[in-house]
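Scroll down for the structure; my scribbles are underneath it.
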Amino acid sequence: MDSKSSREEASEWSKRNCFCGLRAPMWTSWTDDNPSRRFIGCPNYKDSSSNCKFFCWVDPELGEGAKRAVLANRLRSEIAQLKEEKKRLVNEAQISAIELKKKSEKIGKMKLRIEALKCDKFHLQLDVSKAAHKQKLLTILAVVLCAIIVAMFFGVFNSFSNPVVMKLL
3 MDSKSSREEA SEWSKRNCFC GLRAPMWTSW TDDNPSRRFI GCPNYKDSSS
53 NCKFFCWVDP ELGEGAKRAV LANRLRSEIA QLKEEKKRLV NEAQISAIEL
103 KKKSEKIGKM KLRIEALKCD KFHLQLDVSK AAHKQKLLTI LAVVLCAIIV
153 AMFFGVFNSF SNPVVMKLL
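Count along the sequence shown from 1, add 2, and you get the number used in my numbering.
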């Protein structure tokens, strides 16, 4: 049996270079065929212009039972995460529903307030119209009174110029 630990072996693998001459990093595969299996590869493997196809498995291939166990654990973890996500989303939906109800009520109150303001506006316009009509009548009355006063003044003045009236005085 080899005396090297798994960590020492991984350290040796991490010192390898790819065909480009770059340090080949270690990754972990999470595919269904190779779950939790470590490998090293060219850091530019996603770059389509790179011709380096360096790739090497660090861990041996898992047996079918081990693969199923790793996949089952991963699925359980994903199910737990999805349940938490569902719980969070349901909670957010409930909060959103409450906020929506509050906003709908606020909109309803605002609509009632708008209707009340429209009614107030109508009454104020009516009051302004009445006040303008009253002002017009008062202006006409003032003009007529001024005309009467002027007519009376000239009528009296003309009376003084009349010789018959002058004799009476």
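All C-beta atoms, glycine included, are put in the ideal place defined by N, C-alpha and C. Computed from a prediction, not measured in an experiment: that's the story for all the values here.
Asked: Sequence-distant residues of its chain with Cβ nearer than 6 Å to Thr30 (five each side left out); Found: Arg40
Asked: Residue burial classification, Ala99 (beta-carbon count within 10 angstroms, cutoff 16); Found: exposed
Asked: Terminal residues of the beta strand (DSSP E) in which Arg40 lies; Found: 37-43
Asked: beta-carbon Lys120 near the ligand FAD non-hydrogen atom, thresh 7 Å; Found: As far as ligands go, the structure on display features none, and thus does not contain the ligand FAD.
Asked: Cβ neighbour criterion (16 or more within 10 Å) applied to Cys44; Found: buried
Asked: Strand pairing of Asn19, partner residues [DSSP]; Found: Arg25
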